[in-house]
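> Residue 350 in numbering that gives the first Met the number 0 sits at position 351 of the first sequence, and the numbers go up by one each step.
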Amino acid sequence: MINMYNDIIELSKRRGFFWPSFSIYGGFSGFYDYGPLGVLLKENIIKLWREDYLEDGAIFIDTPNLTPEPVFKASGHIDRFSDLACECDKCKTKFKLETVLKYNGINAVPKNLDEANEISSKNNLKCPVCGNIIKKVYDFNLMFRANDMYLRPETAQGIFVNFKLLYNYNKNRLPMIVGQAGKGFRNEISPRQSLIRLKEFNQCEIESFFDPDSLEFGELYDYLPVKLLPNTGDVYKKTVKEAYESGIIPNQAMAYFVLKTQRLLNKIGIKNEMLRFRQHMPDERAHYAADSWDAEALIDDEWFEIVGIANRTNFDLTNHGNNSSESMTVKIGEKEVIPYVIEPSYGIDRIILSVMSQSFYKRDNGYNVLALNEYVAPFHMAVFPLLKKQKLQEKAKELFSNLFPKDKYIIYDDVGSIGKRYARQDEIGTPYCITIDFQTLDDNTVTVRFRDSMQQKRILISDLVSQENPLSALNALKIVQ
RNA sequence: GCGACUGUAGUGUAGCCUGGUAUCACAGUGGCUUCCCAAGCCACUAACCCGGGUUCAAAUCCCGGCAGUCGCACCA
0 MINMYNDIIE
10 LSKRRGFFWP
20 SFSIYGGFSG
30 FYDYGPLGVL
40 LKENIIKLWR
50 EDYLEDGAIF
60 IDTPNLTPEP
70 VFKASGHIDR
80 FSDLACECDK
90 CKTKFKLETV
100 LKYNGINAVP
110 KNLDEANEIS
120 SKNNLKCPVC
130 GNIIKKVYDF
140 NLMFRANDMY
150 LRPETAQGIF
160 VNFKLLYNYN
170 KNRLPMIVGQ
180 AGKGFRNEIS
190 PRQSLIRLKE
200 FNQCEIESFF
210 DPDSLEFGEL
220 YDYLPVKLLP
230 NTGDVYKKTV
240 KEAYESGIIP
250 NQAMAYFVLK
260 TQRLLNKIGI
270 KNEMLRFRQH
280 MPDERAHYAA
290 DSWDAEALID
300 DEWFEIVGIA
310 NRTNFDLTNH
320 GNNSSESMTV
330 KIGEKEVIPY
340 VIEPSYGIDR
350 IILSVMSQSF
360 YKRDNGYNVL
370 ALNEYVAPFH
380 MAVFPLLKKQ
390 KLQEKAKELF
400 SNLFPKDKYI
410 IYDDVGSIGK
420 RYARQDEIGT
430 PYCITIDFQT
440 LDDNTVTVRF
450 RDSMQQKRIL
460 ISDLVSQENP
470 LSALNALKIV
480 Q
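Laid out in structure tokens, this is it:
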């Protein structure tokens, strides 16, 4: 990695997409702020996600970040969302306990701290680094604790604990698709790479509930072939539909969400050739998952997980049913079942970084361009007076206020020269710039300048402001051009 | 968390070795210019990561902390 990535980090800070949090106090790793442009970009992405799932009849909720202990006791996060770890007294190196056991030729797999301590006291565990005997064994949980509560490591549990209310809302029908956009928190040991590994991050999760006997949803349709890496080691480039039909993706609902995710990510701006789906190896899966496929995006030359699509079976509902006062059983016809869950979980911060990185390029003259598409670009268009002349400024402001009621994502700029303003908009991804010049004062025409081709076209102001949607008028103009 | 390297205006940097409070560019503000791809000129604003030590004097040398990059480990 690191070429384009560095440019993105620098651009983001300078222009206001994102930057490290709390930097006036020396910084604090694992936390990032979204700036004025980043907020717009993020909201646009979440909006695409929400609208895409509304198409499937999804419903959405919003639940607390702080969550009481019993919820995570039931979900398995208290016991299993942690690593047994140990530390060498002498050289202070910390290890996963598993690593030290392997090093010492011990095959036992302790399930909890008691078992781990027992193994540790019966064997002399040598430190792989200095050879000293390791005594200190402890449990490192990846959740943040706040008094007797935990900050949720995923938004999903907020949906599971509300299953019955949601099911009732949904008129007792399956499949049921429920989404939540919100924050998740993980105590990462070493946060790295800006938005890639954050301690506090943005998630958009979908929990889709099914009759366990029919893990089927929607219709698979033909779409672009995409790289698929099942855990057999094979590599395919196929449409998702073909992958399902040839058994590479094991169930229809999983295939449906892989396909949906591919299309959504493409729409957001992840390039299809820089996207792949990789199935987890069995030992790689989360404690709740029976099968998992990650969508991975290419940033420079490294692949990063941006979406995880997991088959959670009825693991969560069964556990909440057993540990709470609520039964999670539903009646379908004659049978009583606990629904199965397929979960596509979107890491918004990573998606943002991927989109920016994949959209970024330098022109021959060295100037930056962020070729964001109109769905996610913070601003749709910019309006300029050619010069800082009162008559041009007035005319430009007039055009701005006529366009604004129809599209709020417009920016007015008269700072610096016209060339600088074009360059500035290129760098923040604005697809169209509209310039008022001296000719405008005579014939009410303006120039429209296209970000990607840098070409211009002159049109009548009235042809633009008479449109219900000026952006689509500009899109049409681009196609004609 | 370990190791190596690093930390100077909003951004990117020079200065650090060989101590004397800081260079340049871009961005920003004001002014002049009929100027369509980061134009020019003038003026202004703006920084030595934090703490301690050595010294008459520390951006510079020493120690500690914090943060970043890379490598190892970690990534449910």
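Ideal Cβ positions, reconstructed from N, Cα and C, are used throughout, including at glycine.
By Cβ distance below 8 angstroms, which residues in the same chain neighbour Val329 in space, the five residues on each side in sequence not counted?
Tyr166, Asn171, Leu173, Glu335, Val336, Ile337 and Pro338
> Kindly indicate which three-state DSSP category Asn167 falls into: helix, strand or coil?
Helix.
> Which partner residues of Met253 appear in the DSSP bridge assignment?
Its beta-bridge partners do not exist; DSSP assigns none.
> If I measure Cβ to Cβ from Gln179 and keep anything under 7 angstroms in the same chain, skipping five residues before and after, which residues do I get?
Phe59, Ile60, Asp61, Thr62, Thr154, Gly157, Ile158 and Glu204
> Going by C-alpha to C-alpha distance, which of Asp221, Thr231, Trp302 and Val234 sits closest to Arg262?
Asp221
> What residue range is occupied by the uninterrupted alpha helix (DSSP H) comprising Arg362?
Segment: none, Arg362 is in no alpha helix (DSSP H) and carries neither H nor E.
> I want to know whether the region 4-21 touches the region 30-46 - three or more CB-CB distances under 8 angstroms.
Short answer: they touch.
> Kindly indicate which residue of Val239, Asn123 and Tyr411 has the alpha-carbon position closest to the one of Ile133.
Asn123
> From what residue to what residue does the beta strand (DSSP E) around Pro343 run?
Tyr339 to Gly346
> Thinking C-beta only, is Gly428 closer than 8 angstroms to Leu476?
no
> Below 8 angstroms between beta carbons: does that hold for Glu342 and Asn474?
no
> Quick one: Cα of Gln424 to Cα of Ala309, how far?
39 angstroms
> Would you call Leu164 buried or exposed, if buried means 16 or more other Cβ atoms sit within 10 Å of its Cβ?
Leu164 is classed as exposed because its beta carbon has fewer than 16 other beta carbons within 10 Å across all chains shown.
> In chain order, which continuous runs of the beta strand (DSSP E) of length 3 or greater are located wholly inside the region 40-102?
65-67, 81-86 and 93-95
> DSSP state of Ala309, grouped into three classes?
strand
> Leu297 to Ser465, Cα distance in whole Å?
42 angstroms
> Quick one: residues in its chain with C-beta nearer than 6 angstroms to the C-beta of Ser119, no 5 flanking neighbours on either side, listed in chain order?
Val136
> Could you tell me the alpha carbon to alpha carbon distance between Asp82 and Pro152, rounded to whole angstroms?
15 angstroms
> Scan the region 143-223 and note each continuous alpha helix (DSSP H) run of 4 residues or more that stays entirely inside, going in chain order.
155-159 and 162-168
> Here's a check: name, in chain order, each residue in its chain whose Cβ is nearer than 7 angstroms to the Cβ of Leu194, leaving out the five neighbours to either side.
Taken in chain order, the residues that qualify are Phe17, Tyr31, Asp348, Arg349, Ile351 and Leu352.
> Assign Ile248 to one of two classes, buried (16 or more other C-beta atoms within 10 Å of its C-beta) or exposed (fewer than that).
buried
> Out of curiosity, what's the CA-to-CA distance linking Ala254 and Gly246?
Cα to Cα, the separation comes out at about 10 angstroms.
> CB Lys266 to CB Leu470, shorter than 8 angstroms?
Not in contact: Lys266 and Leu470 (Cβ atoms no closer than 8 angstroms).
> Measuring only the C-alpha atoms, how far is Lys125 from Asn322?
40 angstroms
> Rounded to a whole number of angstroms, what is the C-alpha to C-alpha distance between Lys259 and Lys95?
Lys259 and Lys95: Cα-Cα distance of roughly 37 angstroms.
> Label His76 either buried or exposed according to how many other C-beta atoms from any shown protein chain fall within 10 Å of its C-beta, with 16 as the threshold for buried.
buried
> What are the start and end residues of the beta strand (DSSP E) that includes Gln454?
For Gln454, there is no enclosing beta strand (DSSP E), as DSSP marks it with neither H nor E.
> When you compare only the Cα positions, how much space is there between Leu10 and Ile269?
Between the alpha carbons of Leu10 and Ile269 lies a gap of roughly 19 angstroms.
> Going straight from the alpha carbon of Ser416 to that of Ala381, what length do you get?
14 angstroms
> Which partner residues of Cys432 appear in the DSSP bridge assignment?
Ala381 and Arg448
> Let me know if Phe276 comes out buried or exposed under the rule of 16 or more other beta-carbons within 10 Å of its beta-carbon.
buried
> Can Cys432 and Arg457 be called in contact, C-beta distance under 8 angstroms?
no
> Please classify Ile7 as buried or exposed, where buried requires at least 16 neighbouring CB atoms within 10 angstroms.
buried
> Between the alpha carbons of Glu206 and Met175, how many angstroms are there, rounded?
8 angstroms
> Can you find the residues in the same chain that come closer than 6 angstroms, C-beta to C-beta, to Ala73, ignoring five residues on each side of it along the sequence?
Same-chain partners within the cutoff: Asn318, His319 and Asn322.
> Please list the terminal residues of the continuous beta strand (DSSP E) segment that includes Lys394.
Careful: Lys394 lies outside any beta strand (DSSP E), inside the alpha helix (DSSP H) at Gln389 to Leu402.
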